Amino acid sequence: MSTPIDAQDEKGTIPTGSKGSTAMPVVVAVPKELAPGEQRVATVPEVVQKLTKLCLEVRVEHDAGTGAYYPDELFTAAGAKIVTSRTDLLDGARIVLRVQPPTVAEVDQLAGGTIVIGFMNATNNLEAVARMRDRRVTAFALELVPRITRAQSMDALSSQATAAGYTAAILGAGNCPKFLPMLTTAAGTIRPATVLILGAGVAGLMAIATAKRLGAIVEAYDVRRAAGEQVRSLGAKFLELEIDAESQGGYARELTPEEKAKEQQMVSAAVARADIVITTAAIPGRKAPLLITRETVATMRLGAVIVDLAAESGGNCELTQAGKTVHVHGITILGPQNLPSRVPFHSSQMYAKNLQSFLALLVDKEGAIAEEFTDEILVASLLVHAGEVLHRPTRELLSGVKP
Ligand SMILES: NC(=O)c1ccc[n+]([C@@H]2O[C@H](COP(=O)([O-])OP(=O)(O)OC[C@H]3O[C@@H](n4cnc5c(N)ncnc54)[C@H](O)[C@@H]3O)[C@@H](O)[C@H]2O)c1
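11 is the number of the first residue of the sequence shown in this note's numbering; add one for each residue after it.
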């Protein structure tokens, strides 16, 4: 993750182009998410109430919350204006709150100087980023918010990973032909199922907690040794390997070939004794590490289930297909995409609160947009501003793209 220093002045601040308080309230617009399968919405009525108290005018596109079970009437009761056309929604809007990155066509609907906040997935959305640059739109990418203590309340990666981890455990249980808890019944005793979690970051820890609550025996593994304490505190067994691959910012680094071989051996043995395997291993900016080979899948118990949360970034299992369910050797391999969208009510609630905290850095108590982006969280998450792409990896990729 780079520090966007290029647009900073000598004081280390970035002018926003805003002139402080004006008589007219700042308009915050919330469009309906149009990406296929996206059920979430960037704000919820409870947050709208807070934003209107900050003297902001909140406009919500008709039906924006329907998929997450927040109907238009609840937004109206909370003080938002429901707007039917996208043109009316964006007319005069200074801030746009989104979940998914805008498409090129959506960027073309924005006036220069508009501030868009949401997930930007910039390195995979170069065309839209270039368009925001050319239209002088300002974009904050929530995935670039630094993982520092002060930014916890706006850490949308964590809130959505929590939703994904929970949903993965439920999906695993729902596709497993066994009970998860131990049962002592008149019809005999049922042994508890074994759930293995590979990758104990935010999503993995939530999957562990959920599988424990369902009564399973839970084992977990992560290349960061520090994860061991968190795994054990949830009552699960941590599988130890003599590797500690914690790198910058608490993230994992890529393993050496020798380390990978040791890992595969230990993981294979654990996978073979599991009824459900939930994989969440990721390395920022890279393809997901391969943890379960096709040979390992062939050693699994009949009826076992793999839920591969890394499906969208290449998969932790060799046989995963993103967005599909694969049946092989009596094993079910799920490659779900956008799991937070399957629990859209609470995912949206958490995401909206993340955005509320983020907005508090950008807008003062009188509802005026800051004249300078001085806060380190704003500086780190500023992707595009004043005709420049400030995130170095994205900028470098863009410079390699032929016009
Ligand atoms: N505000 C904060 O302080 C804060 C908030 C959230 C997360 N964090 C930290 O950020 C870090 C990343 O969390 P995340 O959930 O975003 O992680 P992530 O989504 O990047 O990766 C998921 C997990 O996969 C693990 N992993 C990578 N390669 C692996 C391999 N080969 N085998 C097994 N596991 C592998 C990683 O160590 C990580 O725990 C963690 O240290 C977490 O505690 C800090």
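We put the CB at the ideal spot given by N, CA and C, even for glycine.
Being a predicted model, the structure only gives us computed values, none of them experimental.
Rounding to the nearest angstrom, what Cα-Cα distance links residue i and residue j in this structure?
i: residue 360; j: residue 368; result: 12 Å
i: residue 31; j: residue 101; result: Only weak support is given to the placement of residue 31: the predicted model assigns it a pLDDT of 49, under 50, and the value that follows is read from those uncertain coordinates. Spanning the two alpha carbons is a distance of roughly 19 Å.
i: residue 205; j: residue 48; result: 29 Å
i: residue 350; j: residue 227; result: 25 Å
i: residue 239; j: residue 224; result: 21 Å
i: residue 332; j: residue 344; result: 8 Å
i: residue 110; j: residue 116; result: 11 Å
i: residue 122; j: residue 45; result: 23 Å
i: residue 251; j: residue 237; result: 12 Å
i: residue 41; j: residue 60; result: 19 Å
i: residue 387; j: residue 286; result: 38 Å
i: residue 218; j: residue 177; result: 11 Å
i: residue 376; j: residue 64; result: 6 Å
i: residue 325; j: residue 281; result: 16 Å
i: residue 67; j: residue 36; result: 6 Å
What span of residues does the alpha helix (DSSP H) with residue i cover, start to end?
i: residue 220; result: 212-223
i: residue 182; result: 166-185
i: residue 71; result: It is not in any alpha helix (DSSP H) - residue 71 instead sits in the beta strand (DSSP E) that spans 67-71.
i: residue 277; result: 267-282
i: residue 150; result: Run containing residue 150: none in the alpha helix (DSSP H); it sits in the beta strand (DSSP E), 148-151.
Go to residue i, then tell me how far its beta strand (DSSP E) extends in each direction, as first and last residue.
i: residue 91; result: 91-93
i: residue 337; result: 335-338
i: residue 316; result: 315-318
i: residue 407; result: Counting along the chain, residue 407 falls outside any beta strand (DSSP E), though it belongs to the alpha helix (DSSP H) covering 402-409.
i: residue 394; result: 392-395
i: residue 344; result: 341-344
i: residue 2; result: The displayed coordinates of the chain run from 11 to 413. Any statement about residue 2 would go beyond what the structure contains.
i: residue 199; result: 198-200
i: residue 39; result: 37-40
i: residue 51; result: Segment: none, residue 51 is in no beta strand (DSSP E) and carries neither H nor E.
Per DSSP, what kind of secondary structure is residue i in: helix, strand or coil?
i: residue 356; result: helix
i: residue 231; result: strand
i: residue 158; result: coil
i: residue 383; result: strand
i: residue 141; result: helix
i: residue 247; result: strand
i: residue 2; result: Here the chain covers residues 11 to 413 and nothing more, so residue 2 does not appear.
i: residue 373; result: strand
i: residue 256; result: strand
i: residue 399; result: strand
i: residue 303; result: coil
i: residue 10; result: A question about residue 10 goes unanswered here, because the residues of the chain that appear run from 11 up to 413.
i: residue 349; result: helix
i: residue 87; result: helix
Quick one: measure Cβ to Cβ for residue i and residue j, integer angstroms, because I've assumed they're closer than 8 Å.
i: residue 308; j: residue 298; result: With a Cβ gap of about 21 Å, residue 308 and residue 298 do not count as contacting.
i: residue 143; j: residue 394; result: 5 Å
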